[in-house]
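Asker: The structure's right below; bear with me while I get my questions together.
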Amino acid sequence: REGKKPIEGWDDEGRPILSPEAKRKIYERFLRFRMFAVRDAITKAARRAQLKIMNKEWREEPEIEEEEREVKIVHKE
Numbered sequence: 010r011e012g013k014k015p016i017e018g019w020d021d022e023g024r025p026i027l028s029p030e031a032k033r034k035i036y037e038r039f040l041r042f043r044m045f046a047v048r049d050a051i052t053k054a055a056r057r058a059q060l061k062i063m064n065k066e067w068r069e070e071p072e073i074e075e076e077e078r079e080v081k082i083v084h085k086e
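Under the numbering used here, the letters of the sequence shown match residues 10 to 86, in that order.
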């Protein structure tokens, strides 16, 4: 890519000094991630609530296995 570099230099502590365009891109990426994380959390919470209402197992398989391992460890001690 030709044009402006995203890093304009370095400050006294070794941190990059970003161009305004680079700052904007990072901020946009953060906002997209944040919006995705909120949608993902809402979707998972709704799914768990529906499964609980239907009296079905709502935990993921690795979560169940980890809980079983923890129970075994506690009972050994």
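Glycine included, C-beta positions come from ideal geometry on N, C-alpha and C.
For clarity, every value in this text was computed on a predicted model and none was experimentally measured.
Does the Cβ-Cβ distance between I26 and I16 come in under 9 Å?
Answerer: Yes.
Asker: Out of G18, R57, D49 and V47, which has the shortest C-alpha to C-alpha gap to A31?
Answerer: That would be G18, whose Cα lies nearest to the Cα of A31.
Asker: What are the boundary residues of the alpha helix (DSSP H) that P29 is part of?
Answerer: First-last of the alpha helix (DSSP H) with P29: P29 to I62.
Asker: Helix, strand or coil for P25 per DSSP?
Answerer: The answer is strand: DSSP assigns P25 an E or B state.
Asker: Look at the alpha carbon of R96 and the alpha carbon of D20, and state the distance between them as a whole number of angstroms.
Answerer: An answer regarding residue 96 cannot be provided, because it is not within the stretch 10 to 86 covered by the chain.
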